[in-house]
Ligand code: ASP
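In the working numbering, the protein residues as written are 18 to 342.
See the structure below:
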């Protein structure tokens, strides 16, 4: 695999205009001699994120690897101030700190993650750096931030005026009750298949709004928020991380697919595993999204409101997931 220090930003159109140049330093063109001509680039993302999926799809079309395309795709939402559950503008914890979590996993089973990082917007790219530039899988908190700065990421204040205002409103309620948004714009988990037929993924979040300082959910935990097996498929999660972690949801889905379940059956089983431990309708949301190597899609959530965006054959489509309630 050839590393390119820089890809012409203009060649990425929307991405070039909107995402920090730093991200492009990590975009590599895959070895074109290994391109499987019949493999159409495939992008699947949690929530209604047409720009992100388009950016990833355009990158895949140009021969970027699945991992780089996923990191590029989610970077758009990390920078998007309208999205208040990821990156810049993400909802803070109950003390007003924006702390971000992310992970990546590639087709070789390599992975990287960062937990509870402050002041660094593009945490999925940072997780990729942990994977590629250190002998470790996870860096947390101040250590992750120090590493980010060493790698050239620019520290910045990620608490926007509107997120600050919403947090101040929340403070008036005076009781500790974190919020899970069941409607839109939660964790962005993206699965990509590149022209070599390789599957990789990225997952990025500001986590549960108004969480305790230091709380980490499922999103940066390999096997919970994201899991990839290039022989089988991949899965991502969004929603209440504590419930996903307890059942190691994404790993469970990939293992169920390995045993012959379709992505849809596997997602439904993983949601059922959570619900088995609760009486009646729970007051939280968890949603799973999965694909196998053929590009069959599965999506399922506890309550309605979850949707996913799929880009195949250059067409973006947002679809509402089925749910238990
Ligand atoms: N899964 C994330 C977390 O628990 C939050 C979310 O997706 O809404 O941190």
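Ideal placement from N, C-alpha and C gives every residue a C-beta, glycine not left out.
Worksheet item: Alpha carbon to alpha carbon, what distance is there between residue 159 and residue 313?
Response: Numbered from its first residue, the chain shown carries residue 313 at position 296. Numbered from its first residue, the chain shown carries residue 159 at position 142. Those two C-alpha atoms are separated by around 40 angstroms.
Practice prompt. Quick one: using the 10 Å Cβ neighbour count with 16 as the cut-off for buried, is residue 124 buried or exposed?
Written response: Counted from its first residue, the chain shown places residue 124 at position 107. It counts as buried.
Worksheet entry | Under the three-state DSSP convention, the category residue 112 falls into | For this step, residue 112 is matched to residue 95 along the chain shown. Note: residue 112 maps to coil in three-state DSSP.
Worksheet item: Who pairs with residue 334 in a beta bridge, going by DSSP?
Response: Within the chain shown, numbered from 1, the residue matching residue 334 stands at position 317. DSSP output for residue 334 lists 327 as bridge partner(s).
Worksheet item: Per DSSP, what kind of secondary structure is residue 217 in: helix, strand or coil?
Response: Translated into the one-based positions of the chain shown, residue 217 becomes position 200. DSSP places residue 217 in the strand class (E or B) of the three-state scheme.
Item to complete: Compute the distance between the beta-carbons of residue 115 and residue 109, then report whether it is under 8 angstroms.
Response: Taking the first residue of the chain shown as 1, we reach residue 115 at position 98. Taking the first residue of the chain shown as 1, we reach residue 109 at position 92. Closer than 8 angstroms, so yes.
Practice prompt. Can you check the stretch 60-130 for any beta strand (DSSP E) of at least 3 residues that lies completely inside it and give the ranges in chain order?
Written response: 116-122
Fill in: Residues near residue 240 in its chain [Cβ-Cβ closer than 7 angstroms; skip 5 each side]
Counting from one through the chain shown, the residue named residue 240 turns up at place 223. Residues of the same chain with a CB within less than 7 angstroms of the CB of residue 240, apart from the 5 flanking positions on each side, are 265, 267, 268 in chain order.
Discussion item. Helix, strand or coil for residue 151? Go by DSSP, reduced to three states.
Written reply: One-based indexing of the chain shown puts residue 151 at position 134. Here residue 151 sits in coil by DSSP.
Worksheet item: By how many angstroms is the C-alpha of residue 81 removed from the C-alpha of residue 173?
Response: Residue 173 sits at position 156 when you count from the first residue of the chain shown. Residue 81 sits at position 64 when you count from the first residue of the chain shown. Rounded to whole angstroms, residue 173 to residue 81 spans 28 angstroms at the Cα level.
Discussion item. Within a Cβ cutoff of 6 angstroms, which residues of the same chain sit near residue 340, ignoring the five residues on either side of it in sequence?
Written reply: By 1-based counting over the chain shown, the position of residue 340 is 323. Excluding residues within five positions, the ones whose Cβ falls inside 6 angstroms are 318, 320, 321.
Worksheet item: Nearest CA to the CA of residue 151: which residue from 138, 140, 72, 130?
Response: Within the chain shown, numbered from 1, the residue matching residue 151 stands at position 134. It is 130 whose Cα lies nearest to the Cα of residue 151.
Worksheet item: With burial defined as no fewer than 16 other Cβ atoms inside 10 Å of the residue's Cβ, what is the status of residue 132: buried or exposed?
Response: Translated into positions along the chain shown, residue 132 becomes position 115. Under this definition residue 132 is a buried residue.
Worksheet item: Where residue 330 and residue 75 are concerned, what is the direct C-alpha to C-alpha distance, given to the nearest angstrom?
Response: In the chain shown, the residue the question calls residue 330 occupies position 313. In the chain shown, the residue the question calls residue 75 occupies position 58. Whole-angstrom Cα-Cα distance: 11 angstroms.
Worksheet item: What do you reckon, are the CB atoms on residue 303 and residue 273 nearer than 8 angstroms?
Response: The sequence position of residue 303 within the chain shown is 286, counting from 1. The sequence position of residue 273 within the chain shown is 256, counting from 1. No, they are not a contact pair.
Practice prompt. Note down, one range per segment and in chain order, each beta strand (DSSP E) of at least 3 residues found wholly within the stretch 270-295.
Written response: Entirely contained in the stretch 270-295, not one beta strand (DSSP E) run reaches 3 residues.
Practice prompt. Pull up the distance between the alpha-carbon of residue 203 and that of residue 236, whole angstroms please.
Written response: As a first step, residue 203 is located in the chain shown; it is residue number 186 there, counting from the start. As a first step, residue 236 is located in the chain shown; it is residue number 219 there, counting from the start. Approximately 11 angstroms between the Cα atoms of the pair.
Worksheet entry | Local conformation of residue 261 per DSSP, three classes | Counting from 1 along the chain shown, the entry for residue 261 is found at position 244. In this structure, residue 261 counts as helix in the three-state DSSP scheme.
Worksheet item: Excluding five sequence neighbours on each side, which residues of the same chain lie with their C-beta closer than 6 angstroms to the C-beta of residue 337?
Response: Position 320 of the chain shown holds residue 337. Setting aside the 5 residues that flank it on each side, residue 337 is surrounded in the same chain by 324, each with a C-beta closer than 6 angstroms to its C-beta; the list follows chain order.
Worksheet entry | Residue of 68, 169, 66, 84 minimising C-alpha distance to residue 212 | In the chain shown, residue 212 corresponds to position 195, counting from 1. The residue among 68, 169, 66, 84 with its C-alpha nearest the C-alpha of residue 212 is 84.
Worksheet item: Would you call residue 276 buried or exposed, if buried means 16 or more other Cβ atoms sit within 10 Å of its Cβ?
Response: Sequence index remark: in the chain shown, residue 276 carries index 259 (1-based). Exposed, because fewer than 16 other Cβ atoms sit within 10 Å of the Cβ of residue 276.
Fill in: N- and C-terminal bounds of the alpha helix (DSSP H) containing residue 188
By 1-based counting over the chain shown, the position of residue 188 is 171. From DSSP, the alpha helix (DSSP H) with residue 188 extends over 178-190.
Discussion item. Just to confirm my understanding: we take residue 165, look at its own chain, exclude 5 residues before and 5 after, and list those with CB closer than 6 angstroms. What are they?
Written reply: Within the chain shown, the letter at position 148 stands for residue 165. Excluding its 5 nearest sequence neighbours in each direction, residue 165 has C-beta neighbours in its own chain below 6 angstroms: 137, 143, listed in chain order.
Worksheet item: residue 201 by DSSP, collapsed to three states: which one?
Response: Residue 201 sits at position 184 when you count from the first residue of the chain shown. Because the pLDDT of residue 201 is 47, which lies under 50, any placement of that residue in the model is unreliable, and the question is left without a value.
Worksheet entry | Rounded straight-line distance, which links the Cα of residue 176 to that of residue 315 | As a first step, residue 315 must be located in the chain shown, where it is residue number 298. As a first step, residue 176 must be located in the chain shown, where it is residue number 159. Cα-Cα distance, rounded: 34 angstroms.
Worksheet entry | residue 203 beta carbon near the ligand ASP (any heavy atom closer than 7 angstroms) | Within the chain shown, the letter at position 186 stands for residue 203. Result yes, Cβ under 7 angstroms from the ligand ASP.
Worksheet item: Out of curiosity, what's the CA-to-CA distance linking residue 94 and residue 121?
Response: As a working note, residue 94 is residue 77 in the chain shown. As a working note, residue 121 is residue 104 in the chain shown. If I take the Cα positions, the gap works out to 16 angstroms.
Worksheet item: Straight-line CA distance for residue 309 to residue 126?
Response: Position 292 of the chain shown holds residue 309. Position 109 of the chain shown holds residue 126. Residue 309 and residue 126: Cα-Cα distance of roughly 15 angstroms.
Discussion item. Just checking residue 236 against the ligand ASP - is the residue's beta carbon closer than 7 angstroms to any of the ligand's heavy atoms?
Written reply: Counting from 1 along the chain shown, the entry for residue 236 is found at position 219. True, at least one ligand heavy atom lies under 7 angstroms from that Cβ.
Item to complete: Could you tell me if the beta carbon of residue 106 falls within a distance shorter than 7 angstroms of some heavy atom in the ligand ASP?
Response: The residue labelled residue 106 in the question sits at position 89 within the chain shown. Incorrect: residue 106 has no Cβ contact closer than 7 angstroms to the ligand ASP.
Discussion item. Considering just the uninterrupted stretch of the beta strand (DSSP E) at residue 245, what are its terminal residues?
Written reply: To locate residue 245, count along the chain shown from 1; it is residue 228. Element bounds for residue 245: 243-246.
Item to complete: Give me the Cβ distance between residue 250 and residue 216, rounded to the nearest whole Å; I'm assuming they're in contact under 8 angstroms.
Response: To locate residue 250, count along the chain shown from 1; it is residue 233. To locate residue 216, count along the chain shown from 1; it is residue 199. That belief holds up - the Cβ atoms of residue 250 and residue 216 are roughly 7 angstroms apart, short of 8 angstroms.
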